[in-house]
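Numbering (the working numbering), first residue to last: 431 to 546. Working notes for the structure below.
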């Protein structure tokens, strides 16, 4: 699966957009990391687990925490290129579950700016 995905990435990539080979390597690396993470998430989501002990619950919580940490790391990496205001909006909206009106008041911007 990963090699097939790599092949698709290479076919679809516009090689003229990359200034150096290192830029291309970074792009491919990011694409493959995202793909592997999506496979991991899909497999974890598809598993049906029977809880039979407290130890199982603890282990599953650790796995879930690790998965969320990976997602949060990837998320932070992706939004790091955005301006600070946009980063704050995304963080408040999706991590703090704040409403758009609350975000607008806190950042002293219009509600419409939240969606731009």
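Even glycine gets a Cβ: it sits at the ideal position worked out from N, Cα and C. For clarity, every value in this text was computed on a predicted model and none was experimentally measured.
Closest Cα partner of residue i within the set the options
i           : options               : result
residue 515 : 470, 452, 537 and 531 : 537
residue 539 : 525, 518, 526 and 527 : 518
Exposure label - residue i; buried when at least 16 CB within 10 Å
i           : result
residue 544 : buried
residue 511 : exposed
residue 469 : exposed
residue 533 : buried
Contact belief for residue i with residue j at Cβ below 8 Å, rounded distance in angstroms
i           : j           : result
residue 440 : residue 448 : Not quite, the Cβ-Cβ distance comes to about 12 Å (not below 8 Å), so this is no contact.
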